[in-house]
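Protein chains: 2
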Amino acid sequence: MTALYDVAAIGNAIVDVIAQCDDAFLEREGLVKGSMALIDPARAASLYDVMAAAIEASGGSAANTVAGVASFGGKAAFIGKVADDQLGHVFRHDMKAIGCAFTTAPLIEGPATAQCLINVTPDAQRTMGTYLGACVELTPADVDPAIIEAARYSYLEGYLFDPPEARRAFAKAAALCHGAGRMISMTLSDSFMVDRHRGALLGFIETQCDIVFANEDEICSLFETQDFDAAVKAIAARSEIAAITRGEKGSVVVAGGQIHEISAYPVEKVVDTTGAGDQYAAGFLYGLSQGRPLPVCGQLGSLAAAEVIAHYGPRPQVTLRDLAAQNGL
Amino acid sequence: MTALYDVAAIGNAIVDVIAQCDDAFLEREGLVKGSMALIDPARAASLYDVMAAAIEASGGSAANTVAGVASFGGKAAFIGKVADDQLGHVFRHDMKAIGCAFTTAPLIEGPATAQCLINVTPDAQRTMGTYLGACVELTPADVDPAIIEAARYSYLEGYLFDPPEARRAFAKAAALCHGAGRMISMTLSDSFMVDRHRGALLGFIETQCDIVFANEDEICSLFETQDFDAAVKAIAARSEIAAITRGEKGSVVVAGGQIHEISAYPVEKVVDTTGAGDQYAAGFLYGLSQGRPLPVCGQLGSLAAAEVIAHYGPRPQVTLRDLAAQNGL
Numbered sequence: 000m001t002a003l004y005d006v007a008a009i010g011n012a013i014v015d016v017i018a019q020c021d022d023a024f025l026e027r028e029g030l031v032k033g034s035m036a037l038i039d040p041a042r043a044a045s046l047y048d049v050m051a052a053a054i055e056a057s058g059g060s061a062a063n064t065v066a067g068v069a070s071f072g073g074k075a076a077f078i079g080k081v082a083d084d085q086l087g088h089v090f091r092h093d094m095k096a097i098g099c100a101f102t103t104a105p106l107i108e109g110p111a112t113a114q115c116l117i118n119v120t121p122d123a124q125r126t127m128g129t130y131l132g133a134c135v136e137l138t139p140a141d142v143d144p145a146i147i148e149a150a151r152y153s154y155l156e157g158y159l160f161d162p163p164e165a166r167r168a169f170a171k172a173a174a175l176c177h178g179a180g181r182m183i184s185m186t187l188s189d190s191f192m193v194d195r196h197r198g199a200l201l202g203f204i205e206t207q208c209d210i211v212f213a214n215e216d217e218i219c220s221l222f223e224t225q226d227f228d229a230a231v232k233a234i235a236a237r238s239e240i241a242a243i244t245r246g247e248k249g250s251v252v253v254a255g256g257q258i259h260e261i262s263a264y265p266v267e268k269v270v271d272t273t274g275a276g277d278q279y280a281a282g283f284l285y286g287l288s289q290g291r292p293l294p295v296c297g298q299l300g301s302l303a304a305a306e307v308i309a310h311y312g313p314r315p316q317v318t319l320r321d322l323a324a325q326n327g328l
Numbered sequence: 000m001t002a003l004y005d006v007a008a009i010g011n012a013i014v015d016v017i018a019q020c021d022d023a024f025l026e027r028e029g030l031v032k033g034s035m036a037l038i039d040p041a042r043a044a045s046l047y048d049v050m051a052a053a054i055e056a057s058g059g060s061a062a063n064t065v066a067g068v069a070s071f072g073g074k075a076a077f078i079g080k081v082a083d084d085q086l087g088h089v090f091r092h093d094m095k096a097i098g099c100a101f102t103t104a105p106l107i108e109g110p111a112t113a114q115c116l117i118n119v120t121p122d123a124q125r126t127m128g129t130y131l132g133a134c135v136e137l138t139p140a141d142v143d144p145a146i147i148e149a150a151r152y153s154y155l156e157g158y159l160f161d162p163p164e165a166r167r168a169f170a171k172a173a174a175l176c177h178g179a180g181r182m183i184s185m186t187l188s189d190s191f192m193v194d195r196h197r198g199a200l201l202g203f204i205e206t207q208c209d210i211v212f213a214n215e216d217e218i219c220s221l222f223e224t225q226d227f228d229a230a231v232k233a234i235a236a237r238s239e240i241a242a243i244t245r246g247e248k249g250s251v252v253v254a255g256g257q258i259h260e261i262s263a264y265p266v267e268k269v270v271d272t273t274g275a276g277d278q279y280a281a282g283f284l285y286g287l288s289q290g291r292p293l294p295v296c297g298q299l300g301s302l303a304a305a306e307v308i309a310h311y312g313p314r315p316q317v318t319l320r321d322l323a324a325q326n327g328l
């Protein structure tokens with residue numbers, strides 16, 4: 000089958016609500032800096048109530064990744080659940096506007112489109128409270144074979160490992176993917192998610208997933224170790240390719256017994272780290288889809304991450320294809 | 000009566016949808032660069048459909064102005080109509096978050112919260128299509144005497160001179176204002192609006208309005224002249240104070256037979272001119288409310304305008320009170 004898409008992603012369809020705050024605000028609200036907490040509608044309302052004036056922008060981890068892929072010039076598709084409301088229309092518009100296929104039917108009755116309340120401190124850390132709303136209504140029926148089978152690489156957002164129906168959707172996607180001779184990848188998303196589902200995750204990685212994205216915290220949590228090198232060895236033994244991001248220390252890519260260390264791109268002023276991991280995955284997957292060597296894939300990821308942390312908002316503000324060309328990639 | 004507010008404004012309650020575009024896009028869509036066009040729901044849908052991925056942020060001309068007043072440390076109130084929908088909640092949240100009183104009841108049935116579709120070209124010009132939705136349902140009943148009578152200065156958004164009920168709301172506000180011994184101000188907002196209502200506007204300015212804000216185009220349109228100096232003389236004869244903005248040429252303030260020329264503040268890179276006039280009015284009115292001399296009021300206006308055009312979005316991103324202090328104002 001011809002590949003219609005370079006990357007197809009399954010993830011939470013979320014609109015971000017981004018405001019600035021200070022450390023005292025996080026303390027007053029009992030928020031752990033840098034973390035992502037799932038919150039219910041009541042807590043979402045009370046947190047929003049005390050937040051500063053905000054901007055709204057389409058977000059969602061895997062959705063940000065396909066936005067990055069599209070910005071590199073790749074063909075991208077997204078599967079995720081919005082409600083039939085104003086923010087759902089915003090999310091759908093933005094996907095279409097970046098040239099990403101997004102055909103998942105909206106949820107007609109039920110919870111509202113998901114929102115991620117993001118408070119950014121002056122040190123550029125983002126602290127997130129996510130009300131998942133319509134997202135968790137994603138089911139295997141939403142995983143369209145015509146998309147997954149036609150994508151060179153599929154990409155699963157770890158946050159969706161929580162809801163049982165969405166996890167079944169992952170299993171369906173993996174089966175479709177492998178049936179079509181494609182590769183499937185996953186990001187671990189969050190060390191708390193890893194902690195909640197360690198056994199099931201390891202099983203999924205060993206039997207159904209080819210490529211794993213994670214940051215240091217997440218990969219160490221997966222193997223219950225403080226020893227980064229040990230965690231890297233452990234994932235190398237279990238997945239075909241793993242790409243582990245380490246913030247300003249760059250990233251480590253392991254595959255076929257080889258370890259590639261990739262530097263981070265320098266950033267003049269880090270403004271908002273929201274979306275760094277998502278854009279790393281975008282560059283990496285785009286590189287893979289174009290048959291580039293693994294170290295170049297890692298460099299493309301680092302470059303995309305450097306662009307997104309230099310401004311507010313989780314998606315690229317320049318054309319990554321041009322940025323890559325300017326940087327000799 | 001004690002002044003509870005420094006500035007109370009009556010205006011359109013709008014959420015801005017801001018995207019980047021190129022000149023070819025404006026041409027394809029038949030949009031006149033730098034203009035504001037009122038559009039119906041069908042055109043709003045078709046224009047949004049072809050716009051790039053966007054961010055959403057609370058806007059509205061007079062609402063931006065009170066946001067600026069609040070950022071200077073002034074006490075502000077806003078009167079305007081949102082619907083009871085997600086974007087209406089966003090607008091209300093942001094007003095509350097900046098410390099601005101906003102108690103106008105939402106529209107329960109009827110059109111959605113207003114949206115302004117803003118396309119920003121690389122030369123930082125913004126081209127706007129506004130779907131007014133719930134805004135035009137503002138009536139005299141929404142003009143709360145407890146707010147207008149308690150504000151040192153009231154401020155009317157010229158865009159609301161179009162709907163007859165809103166114009167009656169202006170007349171009510173002016174009567175309340177003067178009855179309480181306060182002053183009322185107005186911005187002409189848009190040269191097309193001026194053109195549509197020249198006679199009624201001149202009548203309103205001569206009999207009910209004390210302070211007029213306008214840009215060069217608007218004031219020249221009001222007096223049907225190409226001669227800026229003649230237009231300035233004409234407005235000086237008809238209003239107690241007039242403040243006319245001229246982009247990078249600064250502004251001209253006329254009052255009591257005196258003309259003050261105010262320089263613009265230098266801006267390293269102009270990114271998006273959305274909100275420049277609104278923030279000029281914010282600085283000027285805040286200065287007046289604190290009893291500052293007119294040239295200082297103009298400088299405060301120029302400073303606030305310079306801040307807002309250096310970034311995307313129509314409201315200040317720094318605390319204008321601090322910025323004023325840093326600039327010796």
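One line per chain: the protein sequences are H and G, in this order. Mind the numbering: the first sequence is residues 0 to 328 in numbering that gives the first Met the number 0, read in order. Mind the numbering: the second sequence is residues 0 to 328 in numbering that gives the first Met the number 0, read in order. A virtual CB, placed ideally from N, CA and C, is assigned to each residue, including glycine.
Task: Inter-stretch contact (C-beta, 8 Å, three-pair minimum) for the segment 97 to 111 of chain H and the segment 181 to 197 of chain H - done: no
- [ ] Taking 8 Å as the threshold, find out whether the segment 298 to 310 of chain G comes into contact with the segment 256 to 265 of chain G through three or more Cβ pairs.
- [x] yes
Task: Limits of the beta strand (DSSP E) - the one that Y4 of chain H falls within - done: Counted from its first residue, the first sequence places residue 4 of chain H at position 5. That run of the beta strand (DSSP E) goes Y4 to I9.
Task: Enclosing alpha helix (DSSP H) for F169 of chain G [first to last residue] - done: Here residue 169 of chain G is taken as the residue at index 170 of the second sequence, counted from 1. Counting along the chain, the alpha helix (DSSP H) containing F169 of chain G begins and ends at P163 to G178.
Task: Extent of the continuous beta strand (DSSP E) run through N118 of chain G - done: Within the second sequence, the letter at position 119 stands for residue 118 of chain G. First-last of the beta strand (DSSP E) with N118 of chain G: A113 to V119.
Open item on the list: What does DSSP give as the partner residue(s) for A125 of chain G in the beta ladder?
Closed with: In the second sequence, residue 125 of chain G corresponds to position 126, counting from 1. Note on residue identity: the sequence assigns Arg, not Ala, to residue 125 of chain G. Note: R125 of chain G sits in a beta bridge opposite G:V119.
Open item on the list: Pop quiz: A66 of chain H and V269 of chain H are said to be a contact at Cβ under 8 Å. What is the actual Cβ separation, rounded to whole angstroms?
Closed with: Numbered from its first residue, the first sequence carries residue 66 of chain H at position 67. Numbered from its first residue, the first sequence carries residue 269 of chain H at position 270. Not quite, the Cβ-Cβ distance comes to about 20 Å (not below 8 Å), so this is no contact.
TODO: Just mark T206 of chain G as buried or exposed, buried being the case when its beta carbon has 16 or more other beta carbons within 10 Å.
DONE: Walking along the second sequence from the start, residue 206 of chain G turns up at place 207. Result: exposed.
TODO: Starting from the beta carbon of H92 of chain G, find every residue of chain H whose beta carbon is closer than 7 Å, and list them in chain order.
DONE: Position 93 of the second sequence holds residue 92 of chain G. Y47, listed in chain order.
Task: Check whether L3 of chain H and K74 of chain H have beta carbons under 9 Å apart - done: Taking the first residue of the first sequence as position 1, residue 3 of chain H is located at position 4. Taking the first residue of the first sequence as position 1, residue 74 of chain H is located at position 75. Yes, the Cβ-Cβ distance between L3 of chain H and K74 of chain H is below 9 Å.
Task: Inter-stretch contact at 8 Å, needing at least 3 Cβ pairs: the segment 56 to 72 of chain G / the segment 8 to 22 of chain G - done: yes
TODO: Anything in chain G within Cβ reach of Q85 of chain H, meaning under 7 Å, just list it in chain order.
DONE: On the first sequence, residue 85 of chain H is found 86 positions in, with the first residue counted as 1. Residues of chain G passing the Cβ test: D84, Q85 and L86.
- [ ] Could you work out which residue in H:G132, H:F77 and H:A213 is closest to F283 of chain H when comparing CA atoms only?
- [x] Looking up residue 283 of chain H in the first sequence gives position 284. When only C-alpha atoms are compared, the closest one is H:A213.
Open item on the list: Short of 7 Å in beta carbon distance, which residues of its chain neighbour E260 of chain G, apart from the five on each side in sequence? Order them along the chain.
Closed with: Translated into the one-based positions of the second sequence, residue 260 of chain G becomes position 261. Closer than 7 Å at Cβ, skipping near neighbours: G249 and V251.
Open item on the list: Let me check understanding here. Comparing Cα to Cα, which of H:G178, H:R181, H:R167 and H:E215 lies closest to L187 of chain H?
Closed with: Position 188 of the first sequence, counting from 1, holds the residue named residue 187 of chain H. Here the closest residue by C-alpha is H:E215.
Open item on the list: Which of the three DSSP states is assigned to G276 of chain G in this structure?
Closed with: Within the second sequence, numbered from 1, the residue matching residue 276 of chain G stands at position 277. Note: G276 of chain G maps to helix in three-state DSSP.
TODO: Grab me the residues of A52 of chain G's own chain with a C-beta within less than 8 Å of its C-beta, minus the 5 sequence neighbours each way, in chain order.
DONE: For this step, residue 52 of chain G is matched to residue 53 along the second sequence. Excluding sequence neighbours, A52 of chain G sits near A18.
Task: Spatial neighbours of A133 of chain G in its chain, beta-carbon cut-off 8 Å, leaving aside the 5 residues before and after - done: Residue mapping note: residue 133 of chain G aligns to position 134 of the second sequence, counting from 1. Excluding positions up to five away in sequence, the list reads A12, K80, V81, A82, G87, P105, L106, G109, P110, A111, T112 and A113.
Open item on the list: Quick check on G246 of chain G: does DSSP put it in helix, strand or coil?
Closed with: By 1-based counting over the second sequence, the position of residue 246 of chain G is 247. Helix at G246 of chain G.
Open item on the list: For chain H, check one thing: does any of its Cβ atoms lie closer than 9 Å to the Cβ of K95 of chain G?
Closed with: Here residue 95 of chain G refers to the residue found at position 96 of the second sequence. By this cut-off, K95 of chain G is an interface position.
TODO: Starting from the beta carbon of I78 of chain H, find every residue of chain G whose beta carbon is closer than 9 Å, and list them in chain order.
DONE: Against the first sequence, residue 78 of chain H aligns to sequence position 79. Under the 9 Å cutoff, chain G gives no residues; its nearest Cβ is about 18 Å from I78 of chain H.
Task: Endpoints, the beta strand (DSSP E) within which T102 of chain H is located - done: As a first step, residue 102 of chain H is located in the first sequence; it is residue number 103 there, counting from the start. Here T102 of chain H belongs to no beta strand (DSSP E), and DSSP marks it neither H nor E.
- [ ] With DSSP as the reference, label I17 of chain G as helix, strand or coil.
- [x] The sequence position of residue 17 of chain G within the second sequence is 18, counting from 1. It is a strand residue.
Task: Own chain, CB closer than 7 Å to M192 of chain G, minus 5 neighbours either side, in chain order - done: Mapped onto the second sequence, residue 192 of chain G falls at position 193. So the qualifying residues of the chain are G157, Y158, F160 and D161.
- [ ] Starting from the C-beta of C296 of chain H, find all residues in its chain whose C-beta is less than 6 Å away, skip the five residues before and the five after it, and write them out in chain order.
- [x] Counting from 1 along the first sequence, the entry for residue 296 of chain H is found at position 297. Contacts found: F283, G286 and L287.
Task: Supposed contact pair A233 of chain G and V68 of chain G - C-beta distance, whole angstroms, cut 8 Å - done: Here residue 68 of chain G refers to the residue found at position 69 when the second sequence is read from its first residue. Here residue 233 of chain G refers to the residue found at position 234 when the second sequence is read from its first residue. 28 Å between Cβ atoms; not a contact.
TODO: Would you kindly work out how many angstroms separate the C-alpha atoms of D321 of chain G and L328 of chain G, rounded to a whole number?
DONE: Within the second sequence, residue 321 of chain G is the residue found at index 322, counting from 1. Within the second sequence, residue 328 of chain G is the residue found at index 329, counting from 1. Rounded to whole angstroms, D321 of chain G to L328 of chain G spans 10 Å at the Cα level.
TODO: Taking T64 of chain G as the reference, give the member of G:D22, G:T224, G:L299 and G:A309 with the closest Cα.
DONE: Residue mapping note: residue 64 of chain G aligns to position 65 of the second sequence, counting from 1. That would be G:L299, whose Cα lies nearest to the Cα of T64 of chain G.
Open item on the list: Along the segment 301 to 320 of chain H, where does the CB come closer than 8 Å to a CB of chain G? Name the residues.
Closed with: G312 and R314
Task: Listed by chain order, chain G residues near M127 of chain H by CB distance under 7 Å - done: Here residue 127 of chain H refers to the residue found at position 128 of the first sequence. By Cβ distance, chain G contributes nothing, its closest Cβ being about 17 Å from M127 of chain H, past 7 Å.
Open item on the list: Suppose you measure from the CA of A241 of chain G to the CA of F71 of chain G; what does that come to, to the nearest Å?
Closed with: Within the second sequence, numbered from 1, the residue matching residue 241 of chain G stands at position 242. Within the second sequence, numbered from 1, the residue matching residue 71 of chain G stands at position 72. If I take the Cα positions, the gap works out to 21 Å.
Task: Option in G:Q325, G:A323, G:N326 and G:P313 with minimal Cα separation from I54 of chain H - done: Translated into positions along the first sequence, residue 54 of chain H becomes position 55. Comparing Cα positions, the closest option is G:P313.
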